[in-house]
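Student:
Residue numbers (the numbering used here): 983 to 1147.
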């Protein structure tokens, strides 16, 4: 399971909420186009955080993060499964709040005091990685991709679609 994100303009978000099939085509096309280019997170329209999504969710909940940037705040109405469930979304206002909160939390402070044993005990996906004692560098690296991605989305007034693929 891979955590996936797609930035969408307010007009695209409105259309996606009424036509999730259109949204899937839009996002799939963008993902395909960007796969060849491999853009940096800030200009990218799509981003995946690989299997770090559950660990990031666990760590962000510990900070009382104001927005659920892993699973989204709302489900896209009547959307089919995009992998492991239907997509969810954040409004431009929620993206802005998330970007501001992300700016105030470094990767070091996010993971401070937490080790692989803590993630294994909490059954954070993928548990086997944490049971092997893998360091949280992998999670920190993906967190550092999210920060400029959300900042750019907020600066441009974008909303966000997210799903597990």
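Ideal Cβ placement from N, Cα and C applies to all residues, glycine included.
So, is residue 1085 buried or exposed, given that buried needs 16 or more other C-beta atoms within 10 angstroms?
Tutor: Residue 1085 should be labelled exposed.
Student: Can you have a look at residue 1140 and say buried or exposed, based on whether 16 or more other CB atoms are within 10 angstroms of its CB?
Tutor: Per the 10 Å Cβ criterion, buried.
Student: Between the beta-carbon of residue 1101 and the beta-carbon of residue 1040, is there less than 9 Å?
Tutor: Closer than 9 Å, so yes.
Student: Provide the residue span of the beta strand (DSSP E) that contains residue 1058, from first to last.
Tutor: First-last for residue 1058: undefined, no H or E at that position.
Student: Between the alpha carbons of residue 1137 and residue 995, how many angstroms are there, rounded?
Tutor: So the alpha carbons of these two residues sit roughly 16 Å apart.
Student: Relative to the alpha-carbon of residue 1072, which residue among 1147, 993 and 1143 has its alpha-carbon at the smallest distance?
Tutor: The shortest Cα separation from residue 1072 among 1147, 993 and 1143 belongs to 1143.
Student: Only counting the same chain, and skipping five residues up and downstream in sequence, which positions put a Cβ closer than 6 Å to that of residue 1013?
Tutor: Cβ within range, chain order: 1028.
Student: Which residue wins for smallest C-alpha separation from residue 983, given the options 1049, 1034, 1088 and 1005?
Tutor: Among 1049, 1034, 1088 and 1005, the Cα nearest to that of residue 983 belongs to 1034.
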